[in-house]
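Sequence lines, in order, name chains A and B. Okay, so the first sequence: first residue is 519 according to the working numbering, each after it adds one. Okay, so the second sequence: first residue is 519 according to the working numbering, each after it adds one.
Number of protein chains: 2
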Amino acid sequence: MSKNQNDFVKEITNIDDDFARWYTDIVIKAELADYTDTKGCIAIRPYGYAIWENIQEYTDKKFKETGIQNTYFPVLIPENLLNKEKDHIEGFAPEVAWVTQAGENNLEERLCIRPTSETIISTLYSKWLTSWKDLPFLYNQWCNVLRWEKETKPFLRSREFLWQEGHTIHETAEEAKERTLQMLEVYADVSEKLLAIPVIKGKKTETEKFAGADETYTIESMMHDGKALQAGTSHYFGQNFSKPFDIKFQNREGKTEYAYQTSFGSSTRLIGSLIMAHGDNRGLKLPPRVAPIQVVVVPIAMHKEGVKEKAEELANNLKEKFRVQLDDRDQYSPGYKFNHWEMKGVPLRIELGPRDIENGKCILARRDNQEKIEVELCEVTTKVNEVLEKIQESMFNACLERMNEKTTIAHNMDEFKSSMDENQGFVKSMWCGSAECEEKIREITGAKSRCMPFEQENLGDTCVCCGKHANKMVVWGRQY
Amino acid sequence: MSKNQNDFVKEITNIDDDFARWYTDIVIKAELADYTDTKGCIAIRPYGYAIWENIQEYTDKKFKETGIQNTYFPVLIPENLLNKEKDHIEGFAPEVAWVTQAGENNLEERLCIRPTSETIISTLYSKWLTSWKDLPFLYNQWCNVLRWEKETKPFLRSREFLWQEGHTIHETAEEAKERTLQMLEVYADVSEKLLAIPVIKGKKTETEKFAGADETYTIESMMHDGKALQAGTSHYFGQNFSKPFDIKFQNREGKTEYAYQTSFGSSTRLIGSLIMAHGDNRGLKLPPRVAPIQVVVVPIAMHKEGVKEKAEELANNLKEKFRVQLDDRDQYSPGYKFNHWEMKGVPLRIELGPRDIENGKCILARRDNQEKIEVELCEVTTKVNEVLEKIQESMFNACLERMNEKTTIAHNMDEFKSSMDENQGFVKSMWCGSAECEEKIREITGAKSRCMPFEQENLGDTCVCCGKHANKMVVWGRQY
């Protein structure tokens, strides 16, 4: 490693010394986002936003394939609307920002900036719905929301964040429940196929479900340090909103009925999960499918005749199939450039120098495992494609392996506590279903219930906490 | 016209009786948007939002071709930042909404919801910029903004609206000015090529320019009733923001210099321009390139054997090339469906009945001029393509013709006033350059200066208002 390289790496905190600082170092150094004069709110820089655009494009396409349409509802919600569903307002009131003045005037009624849009959307669903023939409404919006968090962290917990929120209403409870699960599958697909992060799919406990929901489903993933990240949630509301908001329709029997409702959301927090699931001491590490730049071409000994031109030709050819950047900046050395693009997590670097050109070859350098591969220039497109697919796959497998390694089974609280302290991963255990045991587990181990996975395993029939009869297997973990 | 059709058309106000009411009728009946419980803010429904998505996709691609990258900056701006540029705060303060409370607490400093983002973005540009080597920054964001308008109208003047705002900084004034004009060309392209609405490109007068800008450029289009709509603006700031916000860099000579800045914006108001430029008494009329549905296939005598299947086959074939909707709903008559899709402005309808199928033909019905064309089923794809292109072109030409017809030349205020009263179109005249004459013209005729067009004509050398020496030709018009 050259001096240059060492200097560069020193600029970020070691990942195993202080993961939280490493994380914010990466956010800043990889130019994903920055702090702003608006406390608790970040600015998403072009490189970070390009990741978000790729996530949006992929998710939006999946949504539309299931019939979802995009819409836009007001960012401001009158106070009386927010108050209509009891559990909902209790959940959100403490973290809502209020507009009370406009121009020189005080407003008659406070307006909150949406923390989520169930209430305002429900008023319009009530207006638009007449008959079962109108159903379902399968609407989504990509927008900003605001939650006045006390402790913030770029992407993971920001007062303002970007997300999509889907809101659907249906003729029957069954259809709504099906939609809830279908959307969870989309989220699992986004995380696993696009972001290369394996997830556990399951149902939230009563304590952890969304304010106002009957059922909340979640995908949970594990980060580098073993902590859990909730990467997307999908809620079944039953008629909890349709009754107070009067969303009713004439059903097939000619009778008036309240609609069955769902909502589901995923956010820029996914960028945080990308950083924390894949990153290392050299910086960000992006899976090829979501990477804004998939391949960077770095010419070596650029002053030598023909090198710059050949590198440009190579980059241009690859641009037909991949997202490619040519780094032919004069003022920086190849070593500096290597580090720069490693920090930015570009999955594949191509090095091309005078000797390579002479031999009709170039070097592919993988970001994920530092492997270098010499390939013939004439077959570079095929090889790049192969290697990118391999990178995507092995990044997923590395995460999966870590999750498996750091997941243990606990039959009692001693096992639970020692495993959580040593490992800080996931613990699987049986649970009786009581909120008291959940609370006690949190106090003792710092772990919360992540979910009751769809794939239940039988680990006995007694609760890990109280020892009473238990028939639910829960995955527990400390969280972001 | 069947009874059915008459009923449907009666549901909207006649366009020549009350254009303003006709407009809001179309917004509601074509299901573009709806009023909400948040006063002055609309909900954009799927059909309206799909138009916006097409505008976004087209514009975003053009932007990116010129090197622009997307970003995201906070929606909340601390009061002290908004106050830093004097003209800017004077322009925006009366229409800004203020957040003063969060959860149970009063904030120490008020935060405004962005009416535009020059101030918050400038603080970050100041942080990120060091050397001329970093320049230019060519950033844009797609987001919501809020301006507390007293009188609102869906899409045209809504308290909250969606837009893009581009913000760039440059090494030299020349480069920044070039960018300002380049972006205006993108807006002209969007309006003319995508929306089929011709524009006049020009520079705003001092009175009409953006709060804080040195120069504002605009594209102005003419609506059905002859009034003007400003469809996109591009601003050159010089160093007006870079000085108070300390956006400086080391220039090529090693000296510290303030950057040269621009901004440019276009919004969901473009949807309003589509409605008002093209619509008629049958409803919305969309140019094919921006229409969410380009072709609707309506089977006739759907109960007859094979009709439904053949219509489906036809629709599926066309879907490979066009955005196609098959309307095979059992509960509605063909007449009802014709009206429904005409109201929604779908450019082309294909009718297919048992006799057509027997003859291997179908009927194409143009929305723009009601023309019906019989075509062989075997060449329907080619024909649809041809007809859609023709529709796009003739919709543009129809608007251009109207703009030319309703544009007159005035040499004195009598000519000006009588032309504006008879015509309510654009008036071209010479102008001395004084704000007093502008104000007087507005008082007498209700018209404001739209712009000083790039294509200047010599209409004499005396001001239409004061008769003094004048060397600027201005286009005037009443506005939305």
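The beta carbon of each residue, even a glycine, is placed where N, CA and C say it ideally should be.
Interface flag, Asp-555(A) vs chain B, CB-CB below 9 Å: yes
Contact set for Gly-878(A): own chain, Cβ-Cβ below 8 Å, skip 5 residues either direction: Glu-894, Leu-895, Cys-896
Arg-968(B) - containing beta strand (DSSP E), residue span: 966 to 971
Cross-strand partners of Cys-630(B) (DSSP beta bridge): Ile-595(B), Trp-616(B)
Within 9 Å, strictly: CB atoms of Asp-846(B) and Lys-826(B): yes
Contact set for Asp-743(B): own chain, Cβ-Cβ below 7 Å, skip 5 residues either direction: Phe-537, Gln-942
Contained beta strand (DSSP E) runs [length at least 3] in the stretch 696 to 757 of chain A, N- to C-terminal order: 718 to 721, 733 to 740, 746 to 756
Pair within 9 Å by beta-carbon distance, Ile-530(B) and Asn-799(B): yes
Spatially closest choice to Ala-862(B) from Arg-920(B), Gly-801(B), Leu-832(B), Ile-868(B), by CA coordinates: The displayed chain sequence assigns Lys, not Ala, to residue 862(B). Closest option to Lys-862(B), Cα to Cα, is Gly-801(B).
Buried or exposed (CB count within 10 angstroms, at least 16 for buried), Lys-612(B): For the sequence presented, residue 612(B) should be read as Pro rather than Lys. Exposed, because fewer than 16 other Cβ atoms sit within 10 Å of the Cβ of Pro-612(B).
Contacts of Ala-694(B) in chain A (Cβ-Cβ under 9 Å): Those do not exist, as Ala-694(B) stays about 19 Å from chain A at its closest Cβ, beyond 9 Å.
Residues that Asp-552(A) contacts on chain B, provided the C-beta gap is smaller than 9 Å: Leu-642, Lys-645, Trp-646
Spatial distance of Val-593(A) from Phe-972(B) (CA atoms): 39 Å
Contact residues within the stretch 615 to 631 of chain A, judged by C-beta distance below 8 Å to chain B: Ala-615, Trp-616, Val-617, Thr-618, Gln-619, Ala-620, Gly-621, Glu-622, Arg-628, Leu-629, Ile-631
Cβ-based burial, Ala-988(A) [other Cβ within 10 Å; buried from 16]: buried
Boundaries of the alpha helix (DSSP H) in which Ala-795(B) is found, first to last residue: 787 to 796
Closer than 9 Å to chain A by CB, Lys-521(B): Because the pLDDT at Lys-521(B) is just 41, under 50, the model does not fix this residue reliably, and the point stays unresolved.
Min CB distance Ile-595(A) to chain B below 9 Å: yes
Rounded straight-line distance, which links the Cα of Phe-673(B) to that of Lys-508(A): A query on residue 508(A) cannot be resolved here, the shown segment of chain A reaching from 519 to 998 and no further.
Near-chain B residues of the stretch 677 to 708 of chain A (beta-carbon distance less than 7 Å), N- to C-terminal order: Glu-678, Leu-680
Lys-946(A) versus Glu-710(A): straight-line alpha-carbon distance, rounded: 21 Å
Between the CA atoms of Met-913(A) and Asp-848(A) - distance to the nearest angstrom: 33 Å
Phe-782(B) versus Leu-656(B), Val-993(B), Glu-838(B), residue with shortest Cα-Cα distance: Leu-656(B)
Chain B contact residues for Arg-563(A), given Cβ-Cβ distances below 7 Å: Thr-589
Three-state secondary structure assigned by DSSP to Phe-934(B): helix
Min CB distance Leu-599(A) to chain B below 9 Å: yes
Cut-off 8 Å between Cβ atoms - residues of its own chain near Met-991(B), not counting five sequence neighbours on either side: Lys-946, Ser-947, Met-948, Trp-949, Met-970, Pro-971, Gln-974, Glu-975, Asn-976, Leu-977
DSSP three-state assignment for Met-652(A), whether helix, strand or coil: One detail in the question is off: residue 652(A) reads as Asp in this sequence, not Met. Helix at Asp-652(A).
Span separating the alpha-carbon of Pro-638(A) from that of Glu-667(A): Here the sequence assigns Ile to residue 638(A), which means Pro is not the residue at that position. Taking the straight line from one Cα to the other gives about 22 Å.
Beta-carbon proximity check, Ile-562(B) vs Ala-551(B), cutoff 9 Å: yes
Cβ-based burial, Asn-887(A) [other Cβ within 10 Å; buried from 16]: exposed
For Val-816(B), the three-state DSSP class (helix, strand or coil): strand
Chain A contact for Tyr-657(B) (CB, 9 Å cutoff): yes
Neighbour flag for Lys-803(B) against chain A, beta carbons, 9 Å: no
Endpoints, the alpha helix (DSSP H) within which Asp-578(A) is located: 564 to 583
Chain-ordered neighbours of Glu-571(A) on chain B, where CB pairs are closer than 8 Å: Asn-588
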